[in-house]
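Every position in the sequence shown, counted from 1, becomes a number in our numbering once 252 is added. Glycine included, each C-beta is placed from N, C-alpha and C at the ideal position. I have placed the structure first, in the form of structure tokens, so that the comments after it can refer back to it.
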Amino acid sequence: MLLIPLAISLALAASPAASEPSSVIPERFHGAWSSDLNRCDDRESGLNLSIDATSIAYFEAGDAVTEVTPAESNGIHIQAVHEDYDSMETLGRTLILSDDLQTLTFTYGDGPDGVYLRCPTAFEIGEPDPD
253 MLLIPLAISL ALAASPAASE PSSVIPERFH GAWSSDLNRC DDRESGLNLS IDATSIAYFE
313 AGDAVTEVTP AESNGIHIQA VHEDYDSMET LGRTLILSDD LQTLTFTYGD GPDGVYLRCP
373 TAFEIGEPDP D
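In structure tokens, the structure reads:
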């Protein structure tokens, strides 16, 4: 009887913990987001961002994700190399999704929170408008 609990303990110890870092943004965060749903198709507005498995694209800037760890309340913390037109730096971000997965609260390191809404169609930063 002692062998069964021991086998379960060993199997659990060998499994990666859910809180271990990854380099992939979970799929529920992927897609096009905007702080103004009426501007989802305006890539140059500066109000939009697009998230995929390994990066976040903004107008004239982007984040290459290097580490993702779970956070509270349906969120993640990421470390990313942020590159814009004149610099590169490593920054932390926190992304938290609403329960319905349609609102994203995005914290830029030490900066203010941004609130983004999921765009209703597949607009992606840098991609042609779907017609």
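Cutting at 7 Å between CB atoms, please list the residues of its own chain near residue i, excluding the five before and the five after it.
| i | result |
| --- | --- |
| residue 318 | 275, 331, 332, 333 |
| residue 354 | 369, 370 |
| residue 320 | 273, 274, 275, 276, 277, 328, 330 |
Mind checking residue i: buried by the 16 CB within 10 Å criterion, or exposed?
| i | result |
| --- | --- |
| residue 338 | exposed |
| residue 367 | exposed |
| residue 309 | buried |
| residue 302 | buried |
| residue 299 | buried |
Taking the alpha-carbon of residue i as reference, which of the options has the nearest alpha-carbon?
| i | options | result |
| --- | --- | --- |
| residue 282 | 295, 356, 360 | 356 |
| residue 343 | 329, 277, 351 | 329 |
| residue 322 | 280, 368, 293 | 280 |
| residue 371 | 273, 294, 278 | 294 |
| residue 351 | 311, 327, 289 | 327 |
| residue 346 | 336, 353, 365 | 365 |
| residue 314 | 320, 304, 289, 336 | 336 |
Rounded to whole angstroms, what is the Cα-Cα separation between residue i and residue j?
| i | j | result |
| --- | --- | --- |
| residue 287 | residue 306 | 22 Å |
| residue 285 | residue 304 | 11 Å |
| residue 289 | residue 341 | 30 Å |
| residue 260 | residue 316 | Bear in mind that the predicted position of residue 260 carries a pLDDT of just 38, short of 50, making it unreliable; the figure below should be weighed with that in mind. Cα to Cα, the separation comes out at about 38 Å. |
Going along the chain, which residues of its own chain have a beta-carbon closer than 6 Å to the beta-carbon of residue i, five neighbours each way excluded?
| i | result |
| --- | --- |
| residue 297 | 291 |
| residue 359 | 346, 365 |
Once you ignore the five residues that flank residue i on each side, which residues in its own chain have a CB closer than 8 Å to its CB?
| i | result |
| --- | --- |
| residue 325 | 348 |
| residue 311 | 295, 296, 297, 298, 300, 377 |
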